[in-house]
Amino acid sequence: MVGINRVTRHGRRFSVRRTGTNLPKVGQYNRAVVLDQIQLTDGISRVEIAELTGLTPQTVSGIVRRLIGEGIVREDGATVSNGGKPRTKLRVNAAAGLAVGVHFDPSELSCVVADLLGRPLVTRQQPVRPGATPGEVVAAVAGLVDEVLGSAGVDRDRVLGLGLATPGPIDQTLGSLVGPPQLRGWTRVPIKDMLAAATGLPVTLDNDATAAAIGECWAGAGRGVADFAYFFFGAGVGGGLILGHQVYRGGSMNAAEFGHQSVQPGGPPCYCGNHGCLESLISPKAMVAATGLPDYDAVRLAALTGDPVAVTAVETAAGHLATAVVNVANILDIDLVVLGGHGLRHLEDRFRTAVAAALDTRPLARAIRTVRVEISPLGADAAVVGAAALVLHTTYAPQVSELLSL
9 MVGINRVTRH GRRFSVRRTG TNLPKVGQYN RAVVLDQIQL TDGISRVEIA ELTGLTPQTV
69 SGIVRRLIGE GIVREDGATV SNGGKPRTKL RVNAAAGLAV GVHFDPSELS CVVADLLGRP
129 LVTRQQPVRP GATPGEVVAA VAGLVDEVLG SAGVDRDRVL GLGLATPGPI DQTLGSLVGP
189 PQLRGWTRVP IKDMLAAATG LPVTLDNDAT AAAIGECWAG AGRGVADFAY FFFGAGVGGG
249 LILGHQVYRG GSMNAAEFGH QSVQPGGPPC YCGNHGCLES LISPKAMVAA TGLPDYDAVR
309 LAALTGDPVA VTAVETAAGH LATAVVNVAN ILDIDLVVLG GHGLRHLEDR FRTAVAAALD
369 TRPLARAIRT VRVEISPLGA DAAVVGAAAL VLHTTYAPQV SELLSL
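The opening residue of the sequence shown carries number 9 in the numbering used here; numbering runs sequentially from there.
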């Protein structure tokens, strides 16, 4: 089998690591497994990598030798000797690969250039004109890419590619947006090809929530976590799934639409055609309607200052979110739930508290272990950092499904 997970039980905590295989024709996957271990630790030896992954020392040594030759990994110091030969520490060479990430929100463009560890070097934002055409947005993105690369002092030939995180749904086969509900007139827009032509960079496309989940794997709360769900709060509510260390996208490549769970039977209609969807109850638009305040910033400020109407609206929304999270935890038996995105700003603690209380008391498996809930350390930049991580993930972490055709 490819990518078997090794599980160790310590009390009620489980440590799950992605392991390699010593079978032939899976060199690229084993390379990704070794690089995973080096990225996840602040200095690790070849012997330790072999112990953690199940690969033979010879396989690990060969992969490390090639990674060092490519400049992706560097030797840096040695572990303390216990009487034997000191073991050389390995670390990722962060400057070896750079990626540009773009988050296209209907109201704002964000752009970042990040290093191989997913760390932002330069970030820029620019508002999107209401009713902007695809051509106008692509031109604006191309300008932002030039700006961040110039500010970071990065030559374009050092960039591995451009990751684009957008609202869904997306047709991955054609690289197009398929009528996003908040972008009228954007029907079957070939955004991937348009952006590649405008920037001269290879483009990787995904929905913003999945991109944010990949960003958590690369540089956030999901590093080293085998199974987690990401709830993304932007103009709507999206989601990303990591199962067995692999991104799960589903049959149409649009899995994890957590915002379209029905959490209130007979609730308000949603643009998707359903009623009582999570998004229709807790999105910024829904919160504004529930409070009668002029905009979402006013809702957040009112809630923070104790306005009873706003506090009630936030508490109700947090309760709906908790129900949706428990549903996901029961169905998927995940280790972690991450909450993130710019729509959560200033309300993080209130939503996390409600979700944590629900995960302590409501999942079926709560007597075995408690599902953790964390606020994304990437904060409001989760989607744009995730967009850059799309490039890094595609380049350095091939999926098991890609190997089955070998």
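Using N, Cα and C, we set each Cβ at its ideal position, and we do this for glycine too.
Cα-Cα separation between residue i and residue j, rounded to whole angstroms
i: LEU249; j: ASP154; result: 32 Å
i: GLY314; j: HIS328; result: 20 Å
i: MET261; j: ASP179; result: 8 Å
i: PRO135; j: SER115; result: 6 Å
i: ALA366; j: VAL334; result: 7 Å
i: PRO32; j: VAL42; result: Because PRO32 sits at a pLDDT of 47, beneath the cut-off of 50, its placement in the model cannot be relied upon, and the point is left open.
i: LEU191; j: ARG137; result: 12 Å
i: ASN215; j: MET295; result: 23 Å
i: TYR404; j: GLY300; result: 48 Å
i: ALA263; j: ALA234; result: 17 Å
i: GLN269; j: ILE290; result: 12 Å
i: GLY139; j: VAL145; result: 10 Å
i: GLN133; j: ARG95; result: 45 Å
i: THR374; j: ASP368; result: In the sequence under discussion, the amino acid at residue 374 is Arg, which differs from the Thr named in the question. So the two alpha carbons sit approximately 6 Å from each other.
i: GLN45; j: PRO210; result: 27 Å
i: TYR304; j: ALA298; result: 11 Å
i: GLY275; j: HIS283; result: 5 Å
i: LEU48; j: VAL120; result: 22 Å
i: ARG196; j: GLY187; result: 6 Å
i: ARG308; j: ALA217; result: 22 Å
Residues that residue i bridges to, as DSSP identifies them
i: ARG380; result: LEU344
i: GLY248; result: TYR238
i: PHE184; result: In the sequence under discussion, the amino acid at residue 184 is Ser, which differs from the Phe named in the question. In the DSSP output, where bridge partners are listed per residue, SER184 has ASP179.
i: THR6; result: It is not possible to answer for residue 6, since the shown part of the chain is limited to 9 through 414.
i: ILE52; result: LEU98
i: CYS225; result: According to DSSP, CYS225 bridges with nothing at all.
i: ALA103; result: The partner list for ALA103 (beta bridge, DSSP) is empty, contrary to what the question assumes.
i: ALA122; result: ALA107, PRO128
i: ARG137; result: Looking at the DSSP assignment, ARG137 forms no beta bridge with any residue, so it has no partner.
i: PRO277; result: HIS283
Pair within 9 Å by beta-carbon distance, residue i and residue j
i: GLY169; j: VAL108; result: yes
i: GLY183; j: LEU213; result: yes
i: ALA332; j: LEU286; result: yes
i: VAL379; j: LEU344; result: yes
i: ILE106; j: LEU124; result: Note that residue 106 is Leu in the sequence shown, not Ile. It is a contact, given that the beta carbons lie within the stated cut-off.
i: ALA206; j: VAL255; result: no
i: GLY348; j: GLU224; result: yes
i: GLY267; j: GLY247; result: yes
i: HIS401; j: TRP226; result: yes
Residue i at chain D interface by Cβ criterion, 9 Å
i: GLY126; result: Looking for chain D here will not work: only one protein chain is present.
Heavy atom of the ligand NAP within 8 Å of residue i beta-carbon
i: ILE52; result: Summarising the ligand content, the structure contains no ligands, and the ligand NAP is consequently not present.
- Query: Below 8 Å, can you find three or more Cβ-Cβ pairs linking the region 171-179 to the region 194-203?
  - Reply: In this structure the region 171-179 touches the region 194-203; the number of beta carbon pairs closer than 8 Å is three or more.
- Task: Report yes or no: do the region 349-357 and the region 380-389 share at least 3 C-beta pairs separated by less than 8 Å?
- Result: Judged by Cβ distances under 8 Å, the region 349-357 makes contact with the region 380-389, as three or more pairs qualify.
- Query: Going along the chain, which unbroken runs of the beta strand (DSSP E) with 3 or more residues stay wholly within the region 314-368?
  - Reply: The region 314-368 contains these whole beta strand (DSSP E) runs: 344-348.
- Item | the region 314-326 / the region 356-367 touching (three or more Cβ pairs under 8 Å) | The region 314-326 vs the region 356-367: in contact.
- Item | Segment contact flag, the region 71-85 with the region 95-106, C-beta cutoff 8 Å, min 3 pairs | Yes, since at least three Cβ pairs between the region 71-85 and the region 95-106 fall closer than 8 Å, the two stretches touch.
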